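Structure record follows, encoded as structure tokens.
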DNA sequence: ACATGTCCGTTTTTT
DNA sequence: ACGGACATGT
């Protein structure tokens, strides 16, 4: 156990802590994964715990895989013991449910299908159509988000949603109607959505003492990674599993909680000590990853959050380089500059590893194109992942239907793919027959055929379809995974249709690409077979892989969202699109909690960097086709200027602010560059404005697009915010006096005087320009 | 039944 | 700018 010497004091304490609840508050880069893996090793080797009594839970397969690898390396050297079970929350639940779901007495069988969010949206869309709810008033997307929210926050989702009926909110009352219909269909299809996987497992363990005893008795020690991102069902699951031994070790960092939008509850980690009064708390705040300057930036930003446990990362690493800062004229220029920088780095350092991190997937396109143009190969995470492609989903739908005949969604997906002459009318007839009798589409199909209720034209294709699925179903008893995938491709005519299309269609590349994807699926099936996985496991895996799972740790250049970067590290990180409305995203405006979540995301992104951090934003960005001027992100304003090295070509927002011109002003020379402000300028022909603020003032004076008075004050303030523009009512922070509220504003231009009321101190008058106020 | 054309929303993050 | 959903034509 000489490896214990490779740990610092806090890490060692966490690793060797014995029985009972343990909370490890692990700041970014403080050796979190190391603590978990070493702790497992220590429990096994030092305390003689049987590896089968250990369970480690993570959020992504990527994290689980990495942990498994590190543990194998650690244990493999010294002993012959096995490796403990390392699983994601969702795959753990699938394992449990595939064995015991029939105990639930809710009608599900162990052959249940998993509906991913795409399937989910399709079901919701159908429900809405049946209930005659206009998709333009309530989008399926919104519905699914609210259903998920209800399921994750309330014991009784329907009751929760029904409360909305009393409120006169149209969308809410629509939801109260949609939800029961949605739940009914899933049940009838013997299908569970992602939320159900957790919730049904919790119900199963809660209500079935025998099943609970089995699992709680099996796992004597439970370790949970990224605990700050757990939601309520996950919290309940953990409680149920640790109910017997209370040997729970959770590791996380409240400052890195970035999944509130999908139900993560930061209170789980903040309140851990009250949930487990016997808990020991160990804080890891020594960072091994980043340079001092990078950590200074991270600390400076996260400090602006109010709801947090005070903590400041420190490091013994070198001071490091200044943070590069670039202000690009347009989004395209930003991408060009970043990729050029990457090119240079790759030339200098052949082993370089650089990540480009953005807020939204839509931003990836510019960087993809620029990399391609420059001939730089890159690894892009997310976006159009392999298992989301239509042809892959189609083949999987065949297999899902073969294993679960009640799976209406899969049936609808492939009944006419490839087109075999079963049209809308026939499908409607099928749906109608099923609805009237309360049976599945598959059963209705048999009925229509038996009763000769079909038109002459659709009879044949329908009969063939039935025979085909029946044959596939029959074959699933003995065939191997790859044989099944091959059968779903060939015996359904799917692959042949693509080959035909390739020879007749005007763009054969598309069909060829799809065929190649199918070959890739076949390869994956062979690999699954070698791992001795069943067809069911293969299909489950396809549903549960996350975008982050196609991250390649050896890639020199990686493009991904800030969210998927969590848990990773890179020598160089480029944080792009640092603009108000984009990052922080406009959706967070007016909601302080969401704004804090955006800031935590910023903190996560910054702390991915080891040696080099590069920050950029554009002056003009094209969003959804039209160009719009963009203001620097508030997060940039929160970074002390002395940490930044401005590498912008023309005058930048930063250089202007240093010259005291106000950070959002444009210089004359930039304004004259035609490509920079072409679009916004046109409406103001005959008069020149040299700043975004100036244009706004003009608009305001004309009453055009002026912020309307019925907007909430926070939203109005958000829209007009610049560093040097404070208006009465605004909450601000002063270096010396602390938090206060602006109560008066007088004067104009450079000489604006503000009156600010500081609780407990009194009213102060100050000149806006020199006051160094920050918005709260 | 299927191909072609037009319109509209879409983009926040994801197991 | 792009893709999906719907309408129209063959």
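In the working numbering, the protein residues as written are 5 to 780.
Ideal Cβ positions, reconstructed from N, Cα and C, are used throughout, including at glycine.
Note that the coordinates shown come from a computational prediction; the quantities given were computed from them, not determined experimentally.
Anyone know if the C-beta pair for residue i and residue j falls short of 8 Å?
i, j, result
"residue 283", "residue 27", "yes"
"residue 393", "residue 521", "yes"
"residue 33", "residue 573", "yes"
"residue 484", "residue 523", "no"
"residue 653", "residue 287", "no"
"residue 317", "residue 302", "yes"
"residue 580", "residue 342", "yes"
"residue 324", "residue 296", "yes"
"residue 412", "residue 445", "yes"
"residue 604", "residue 308", "no"
"residue 486", "residue 529", "yes"
"residue 518", "residue 395", "yes"
"residue 202", "residue 276", "no"
"residue 47", "residue 53", "yes"
"residue 294", "residue 319", "yes"
"residue 584", "residue 635", "yes"
"residue 582", "residue 637", "yes"
"residue 3", "residue 633", "What is shown of the chain runs 5 to 780, which leaves residue 3 out entirely."
"residue 407", "residue 480", "yes"
With distances taken from CA atoms, which of the options is nearest residue i?
i, options, result
"residue 102", "432, 205, 279 and 131", "205"
"residue 608", "495, 20 and 30", "30"
"residue 482", "448, 540, 427 and 517", "540"
"residue 478", "518, 421, 526 and 405", "405"
"residue 222", "60, 649 and 603", "60"
"residue 280", "246, 313, 294 and 298", "246"
"residue 555", "50, 359 and 464", "359"
"residue 643", "151, 618 and 622", "618"
"residue 62", "584, 434, 381 and 242", "242"
"residue 71", "151, 657, 43 and 606", "43"
"residue 734", "152, 20 and 594", "594"
"residue 69", "90, 140 and 77", "90"
"residue 163", "148, 149 and 179", "179"
"residue 313", "248, 583, 399 and 258", "258"
"residue 659", "51, 332 and 18", "332"
"residue 199", "142, 248, 249 and 120", "120"
"residue 597", "143, 311, 437 and 630", "311"
"residue 525", "390, 429 and 443", "390"
"residue 606", "375, 640, 423 and 473", "640"
By how many angstroms is the C-alpha of residue j removed from the C-alpha of residue i?
i, j, result
"residue 12", "residue 177", "56 Å"
"residue 387", "residue 363", "13 Å"
"residue 260", "residue 384", "23 Å"
"residue 41", "residue 225", "13 Å"
"residue 182", "residue 566", "33 Å"
"residue 106", "residue 112", "6 Å"
"residue 590", "residue 124", "26 Å"
"residue 214", "residue 208", "10 Å"
"residue 699", "residue 655", "Residue placement at residue 699 is poorly supported in this model, since its pLDDT is 31, which falls under 50; the coordinates are not used for a value here."
"residue 466", "residue 495", "15 Å"
"residue 157", "residue 145", "18 Å"
"residue 55", "residue 67", "19 Å"
"residue 379", "residue 315", "43 Å"
"residue 616", "residue 160", "49 Å"
"residue 77", "residue 189", "46 Å"
"residue 352", "residue 147", "50 Å"
"residue 18", "residue 7", "14 Å"
"residue 459", "residue 435", "15 Å"
Below 8 Å on the Cβ atoms is my guess for residue i versus residue j; work out the distance and round it to an integer in Å.
i, j, result
"residue 336", "residue 370", "6 Å"
"residue 613", "residue 577", "4 Å"
"residue 426", "residue 419", "6 Å"
"residue 251", "residue 23", "5 Å"
"residue 263", "residue 620", "Wrong, their Cβ atoms sit about 26 Å apart, outside the cutoff."
"residue 647", "residue 300", "6 Å"
"residue 210", "residue 165", "Contact flag wrong, Cβ pair sits at about 22 Å."
"residue 356", "residue 575", "7 Å"
"residue 328", "residue 649", "6 Å"
#### Entry: Segment contact flag, the segment 539–557 with the segment 94–113, C-beta cutoff 8 Å, min 3 pairs
Enough Cβ pairs lie closer than 8 Å, so yes.
#### Entry: contact_flag[the segment 188–198, the segment 104–123] where n(CB pairs < 8 Å) is 3 or more
Contact holds: three or more Cβ-Cβ distances are below 8 Å.
### Task
Answer yes if the segment 265–280 comes into contact with the segment 225–234, meaning at least three C-beta pairs across the two stretches below 8 Å, and no otherwise.
The segment 225–234 is in contact with the segment 265–280.
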